[in-house]
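Colleague:
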Amino acid sequence: MPQKRGKDASTDGAPAPKRRSTRNATQKPQYKEDSGSDSPVPKPKTKKLSNAKPAKTTKAVELSGPEQSSLSPISISIEHESIKNPVDCELYQTSASPESGAPQTMVFTHGAGGGLSAPAVFNFCTGYSALHDILAFKGSINMNSRVKGFHACGDHLQKKSGSTSEWPSVFGGRSMGSRAAVIAATEIAASSDKKGHYDITLVLVSYPLIGPKNDMRDQILLDLPERIRVLFIIGEKDSMCALDQLGEVRGKMKAKSWLVVVKGADHGMHVKPAKAEKVLGEMTGNIAAKWVDRQTLGEDRDQKEIQIWWDDDGDGDGVKLGGWEGVAQ
Numbered sequence: 001m002p003q004k005r006g007k008d009a010s011t012d013g014a015p016a017p018k019r020r021s022t023r024n025a026t027q028k029p030q031y032k033e034d035s036g037s038d039s040p041v042p043k044p045k046t047k048k049l050s051n052a053k054p055a056k057t058t059k060a061v062e063l064s065g066p067e068q069s070s071l072s073p074i075s076i077s078i079e080h081e082s083i084k085n086p087v088d089c090e091l092y093q094t095s096a097s098p099e100s101g102a103p104q105t106m107v108f109t110h111g112a113g114g115g116l117s118a119p120a121v122f123n124f125c126t127g128y129s130a131l132h133d134i135l136a137f138k139g140s141i142n143m144n145s146r147v148k149g150f151h152a153c154g155d156h157l158q159k160k161s162g163s164t165s166e167w168p169s170v171f172g173g174r175s176m177g178s179r180a181a182v183i184a185a186t187e188i189a190a191s192s193d194k195k196g197h198y199d200i201t202l203v204l205v206s207y208p209l210i211g212p213k214n215d216m217r218d219q220i221l222l223d224l225p226e227r228i229r230v231l232f233i234i235g236e237k238d239s240m241c242a243l244d245q246l247g248e249v250r251g252k253m254k255a256k257s258w259l260v261v262v263k264g265a266d267h268g269m270h271v272k273p274a275k276a277e278k279v280l281g282e283m284t285g286n287i288a289a290k291w292v293d294r295q296t297l298g299e300d301r302d303q304k305e306i307q308i309w310w311d312d313d314g315d316g317d318g319v320k321l322g323g324w325e326g327v328a329q
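In structure tokens:
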């Protein structure tokens, strides 16, 4: 029986057969506002990790939570010539390194239905800042404005560093914010002054692949150039990003991509029990920081997917991490 659609367009329903949005190649793409929400979404049927080759023996590793930054985030305001009003930001500084504004500093932004205080955002930023700084900025639901926020924050970090050479860009976001990160990265790659001379890494948390009208938001991912590295962090039960459909898109992307699946999590990264949500959220940020730093396994071209889950067996804190697994080509 077909699933009934609620009146609110921001409510996540189960996706219908995919339909790709098309655009005239001669026209400048118009990026629509994301109506996704950071609130809990209906739970679809559990989907298996797409296209993964299960290891003959998968040994789970029990982890302790990431060491947290010793400082609370610092509120700062950034002005830029491309924007009318200053961008309000929160800077999470790591205690692992005294140098702020290092190349691994990530510019991150929230989704359409929540702000910087949303648990999924706060937990991720806390975990990432155990190793590197992260500059999280607040934005409106206007996509073009959010994209400008990335450029403003990126330029701020480069100026602060005093570097005159090409500055590596590490952009990330959750839900709508992840789409804005992709668009900003594409604009940098296509700009006349940086064409062929850029270093961009993307961390996309809860990427909303399936829109409220069941349209596929895959084109901007397919447009990413080959030299950009992408890490997806997706909840196993995220109704806005079915793992099988994401697997198909990743297979078509020119950019190299990796995937972290949070078992039992929905679009808002909510999991049960409640105590697991904070720890798992922080761990995803920690995994992202190590991946950005190329510390993790999975750099081999066939090792691109990993799972993290909660299994409180009374021994340890319950966080388990599988090994990086191969993906069928």
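Residue numbers for the sequence shown follow UniProt numbering, beginning at 1 and rising by one. From the three backbone atoms N, C-alpha and C, an ideal C-beta is built for every residue, glycine too.
Going by DSSP, what residue range makes up the alpha helix (DSSP H) through Leu116?
Modeller: Segment: none, Leu116 is in no alpha helix (DSSP H) and carries neither H nor E.
Colleague: Assuming Arg250 is part of the beta strand (DSSP E), what are its boundary residues?
Modeller: Not the beta strand (DSSP E): Arg250 falls in the alpha helix (DSSP H), residues 243-252.
Colleague: If you draw a straight line from the C-alpha of Ser72 to the C-alpha of Gly115, how long is it?
Modeller: Straight-line Cα distance between these residues: approximately 17 Å.
Colleague: May I ask you to verify whether the stretch 129-142 touches the stretch 209-226, counting CB pairs closer than 8 Å and requiring at least 3?
Modeller: No, the stretch 129-142 is not in contact with the stretch 209-226.
Colleague: Between which residues of its own chain and Pro225 is the CB-CB distance below 7 Å, once the five residues before and five after are set aside?
Modeller: So the qualifying residues of the chain are Ala189, Lys254, Ala255.
Colleague: Within this structure, are the beta carbons of Met283 and Gly173 separated by less than 9 Å?
Modeller: No. Outside cutoff.
Colleague: So is Glu236 buried or exposed if we call it buried at 16+ other beta carbons inside 10 Å?
Modeller: It is buried - the Cβ of Glu236 has at least 16 other Cβ atoms within 10 Å.
Colleague: For Glu79, count neighbouring Cβ atoms within 10 angstroms of its own Cβ and tell me buried if that reaches 16, exposed if not.
Modeller: Exposed: under 16 other Cβ atoms inside 10 Å.
Colleague: What three-state label does DSSP hand Trp324 in the structure shown?
Modeller: Correct three-state label for Trp324: coil.
Colleague: Here's a check: name, in chain order, each residue in its chain whose Cβ is nearer than 7 Å to the Cβ of Trp291, leaving out the five neighbours to either side.
Modeller: The answer, listed in chain order, is Leu231, Trp258.
Colleague: Report yes if the CB atom of His267 is closer than 9 Å to the CB atom of Gly177, and no otherwise.
Modeller: No, the pair does not count as a contact, with Cβ atoms beyond the cut-off.
Colleague: Decide if Arg146 is buried, meaning its Cβ has at least 16 other Cβ atoms within 10 Å, or exposed.
Modeller: Under this definition Arg146 is a buried residue.
Colleague: Using only the alpha-carbon positions, how far apart do Ser169 and Gly323 sit?
Modeller: The alpha-carbon atoms of Ser169 and Gly323 are separated by roughly 27 Å.
Colleague: Thinking C-alpha only, which one of Gly318, Leu135, His270, Met106 is nearest Ile74?
Modeller: Closest option to Ile74, Cα to Cα, is Leu135.
Colleague: By Cβ distance below 7 Å, which residues in the same chain neighbour Asp155 in space, the five residues on each side in sequence not counted?
Modeller: The answer, listed in chain order, is His80.
Colleague: Express the C-alpha separation of Val107 and Leu157 in angstroms, rounding to a whole number.
Modeller: Each residue's alpha carbon lies about 9 Å from the other.
Colleague: Go to Ala136, then tell me how far its beta strand (DSSP E) extends in each direction, as first and last residue.
Modeller: Where Ala136 is concerned, the enclosing beta strand (DSSP E) stretches over 134-137.
Colleague: Is the beta carbon of Leu131 closer than 9 Å to that of Gln93?
Modeller: No, Cβ-Cβ distance for Gln93 and Leu131 is not below 9 Å.
Colleague: In this structure, how does DSSP classify Glu81 when only helix, strand and coil are distinguished?
Modeller: Coil.
Colleague: Quick one: grab the DSSP three-state call for Ile287.
Modeller: In this structure, Ile287 counts as helix in the three-state DSSP scheme.
Colleague: Suppose you measure from the CA of Pro40 to the CA of Gly251; what does that come to, to the nearest Å?
Modeller: Its pLDDT being 38, under 50, Pro40 is placed unreliably by the model, and the measurement read from it follows with that caveat. Whole-angstrom Cα-Cα distance: 29 Å.
Colleague: Mind checking Ser77: buried by the 16 CB within 10 Å criterion, or exposed?
Modeller: Looking at its Cβ environment, which holds fewer than 16 other Cβ atoms inside 10 Å, Ser77 is exposed.
Colleague: Which residues in the same chain have their Cβ closer than 7 Å to the Cβ of Asp311, if we skip the five residues on either side of it in sequence?
Modeller: Excluding sequence neighbours, Asp311 sits near Gly318, Lys320.
Colleague: At 3 residues or longer, and completely inside the stretch 213-243: list those beta strand (DSSP E) runs for me, N to C.
Modeller: Runs found: 229-235.
Colleague: I believe Leu221 touches Val249 by the beta-carbon criterion, under 8 Å. Please report the beta-carbon distance rounded to the nearest angstrom.
Modeller: So it is a contact: roughly 6 Å between Cβ atoms.
Colleague: Identify every residue that forms a DSSP beta bridge with Ser75.
Modeller: The partner list for Ser75 (beta bridge, DSSP) reads Glu90.
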